[in-house]
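Scroll down for the structure; my scribbles are underneath it.
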């Protein structure tokens, strides 16, 4: 159990960390700081929040584990702000969707007096905000932890244990490799769903009323928050571009097969996709 | 109520037509023909099947309404085969995903003694086969009917009423327009999901074990039957190619915005997709 857990900027993920930690007794005292005063006032009324701090510095002062749950572009600025207030040996992690720069600079900012270990639970939703937080959000979900060679083994173990206690399945991967993986399995599907919807928006919008479950499922994540995704794509631009170019070649090859009426090639591509999809673990 | 309903080649859709018609008392007697003798033997044991015929001709001889539920490339051959055996005034429809050629040639094959009215219920699934049929499959789902100017109004009314009795929401559109619509809202998402999976299959397949709900939902329909989709794409090749080219331009524009770090454009495209997706009717 983490004696004192601090969560900065709880949205869907940070709120779910707090609720899961309370329900699963993974933390003793839970301290929260949110940027807006009205959010702080609302959080003070939640059973999973023991203390609301007025500043990030005050929030982390007694913390054993700090989870920075802000959008990715605020993680490093917040880390720099709280660094002088951290106790010796405190561990800081985050929930950001891109890890290369954050893992490297996070380690540099804290040095060895306190420890930064990057995390990324694969448990987003098109819904946002702590109001939608759920104590079961991390159950059987992959939680990436992304240590560097220089990462303190004790800090890595603490973060790994924490996600396991919240129900997650921990995968430890190098930060650059993490960014390549999520560019393919998370950021690429997002760009695709958003692009499909943006394209269909230029057609007759009434067509969506005819749609079956296929279009509905394929586009669900297009309902996600644009500003949140801008910050993720900013951080992982290079890997997402590489993934998009690879997928573009695949789609182009499908189109060429259709143009040439090469039905064997069309069938083979659908069959290859089916084989891959059928191999998904049952949820 | 249809006194005698005949269903040829029941798979997921045809089986669901039979089960829904029985449960909702939309048909009196239900006669079925399937191509394989072992399927006919199994169907004879189902409560929603009153008679199994040995040939398509025998199956339709006493029918008031015939539903051809075969893959799209078998619909016209079957229609030609049964045409001489139909009673005067009998109505024939189908459940094929492409309608242009089928509606036109179907009308030509039957002339005016019996009547062909093309249908397409938007109620597929990645699951196939009559074993997965469900009496609720058409509830609140769009069922396209695609009359020609020359279509008999009584036959059109009979087919429209039938889908309504099965729980569907009927949309009557011109066959060519139907093909344009489904190319965008059904066939394009299928090509996209299949291409994404075929692309990811060429990466480390273990990555799929890390995936959250986003990739799972986005790719669900990639599990669909490749042969079935080949026949659909054969029939609707031109419209699907046009839709693919339109979407390709949209994805390329997204890629260009990422390349140029034009974050305003990236955010605007995601926001436009979100606005469209948020307008989906609640299921």
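Protein chains in written order, with the working numbering: chain A, 1 to 283; chain B, 1001 to 1283.
Here a beta-carbon is modelled for each residue, glycine too, at the ideal position from N, C-alpha and C.
Remark: fewer than three beta-carbon pairs, one from each stretch, lie closer than 8 Å, so the stretch 205 to 219 of chain A and the stretch 1241 to 1253 of chain B are not flagged as touching. Short of 7 Å from the beta carbon of residue 126 of chain A, and not among the five residues preceding or following it, lie these beta carbons of its own chain, in chain order: 220, 221, 223 and 224.
Here the C-alpha atom of residue 103 of chain A lies approximately 16 Å from the C-alpha atom of residue 90 of chain A. Bridge pairing for residue 1121 of chain B: B:1143 [DSSP].
Taking 8 Å as the CB threshold, residue 190 of chain A lines the interface with chain B. Taking a Cβ-Cβ cut-off of 8 Å, the neighbours of residue 1209 of chain B in chain A comprise 142 and 281, given in sequence order. Excluding sequence positions up to five before and after residue 1003 of chain B, its CB lies within less than 6 Å of the CB of 1028 and 1064, all in the same chain and listed in chain order. With respect to the 8 Å criterion, residue 97 of chain A and residue 115 of chain A are not classified as neighbours on the basis of their beta carbons. The shortest CA-to-CA distance from residue 193 of chain A to any of A:274, A:136, A:218 and A:31 is the one to A:218. In this structure the stretch 134 to 154 of chain A lies against the stretch 169 to 185 of chain A, because at least three pairs of beta carbons, one per stretch, are closer than 8 Å. For residue 1138 of chain B, no Cβ of chain A is located within less than 8 Å of the residue's own Cβ. Within the stretch 1124 to 1185 of chain B, complete beta strand (DSSP E) segments of at least 3 residues are found at 1142 to 1146 and 1169 to 1172, given in chain order.
Two segments are said to touch when three or more pairs of C-beta atoms, one from each, lie closer than 8 Å; by this definition the stretch 181 to 196 of chain A does not touch the stretch 1231 to 1244 of chain B. Restricted to the stretch 1213 to 1271 of chain B, the alpha helix (DSSP H) segments that are unbroken, complete and at least 4 residues in length are 1213 to 1219, 1226 to 1235 and 1237 to 1259, listed in chain order.
The residue among B:1076, B:1257, B:1132 and B:1268 with its C-alpha nearest the C-alpha of residue 1100 of chain B is B:1076.
Secondary structure note for residue 1014 of chain B: its alpha helix (DSSP H) is the uninterrupted segment 1012 to 1023. Around the beta carbon of residue 260 of chain A, fewer than 16 other beta carbons lie within 10 angstroms, which makes this residue exposed.
Taking a contact to require three or more Cβ pairs closer than 8 Å, the stretch 152 to 160 of chain A and the stretch 36 to 50 of chain A do not qualify as touching. In this structure, residue 1151 of chain B and residue 1117 of chain B form a Cβ contact; the two beta carbons are roughly 6 Å apart against a cut-off of 8 Å. Taking a C-beta distance under 8 Å as the contact criterion, residue 66 of chain A and residue 166 of chain A do not qualify as a contact pair.
For the C-beta of residue 1184 of chain B, the chain A residues within less than 7 Å are, from N- to C-terminus, 200, 203 and 207. What residue 1250 of chain B touches in chain A, judged by beta-carbon distance under 7 Å, is 195, 198 and 199, going in chain order. Counting along the chain, the unbroken alpha helix (DSSP H) around residue 104 of chain A starts and ends at 100 to 110.
DSSP places residue 27 of chain A inside the beta strand (DSSP E), whose first and last residues are 27 to 33. Here residue 1094 of chain B is bridged, per DSSP, to B:1068. Assigned with DSSP and collapsed to three states, residue 5 of chain A falls in strand. Sixteen is the threshold: when 16 or more other Cβ atoms of the shown chains lie within 10 Å of the Cβ of residue 1160 of chain B, as they do, the residue is buried. With distances taken between CA atoms, residue 227 of chain A lies nearest to B:1265 out of B:1265, B:1190 and B:1006. Listed in chain order, the non-local C-beta contacts of residue 113 of chain A below 7 Å within the same chain comprise 88, local neighbours out to five positions each way being set aside.
Only residues of its own chain outside the window of five on either side were considered, and among them 170 have a CB closer than 7 Å to the CB of residue 164 of chain A, listed in chain order.
Taking a beta-carbon distance threshold of 8 Å, residue 1099 of chain B does not count as an interface residue toward chain A.
The beta-carbon distance between residue 258 of chain A and residue 1072 of chain B, rounded to whole angstroms, is 16 Å. This is too long to meet the 8 Å contact definition.
At a C-beta separation below 7 Å, residue 1246 of chain B has these neighbours in chain A: 199. Residue 1044 of chain B and residue 195 of chain A have their alpha carbons spaced roughly 48 Å apart. The residue among B:1024, B:1006 and B:1026 with its C-alpha nearest the C-alpha of residue 1054 of chain B is B:1006.
Straight-line measurement puts the Cα of residue 1197 of chain B at about 20 Å from the Cα of residue 262 of chain A.
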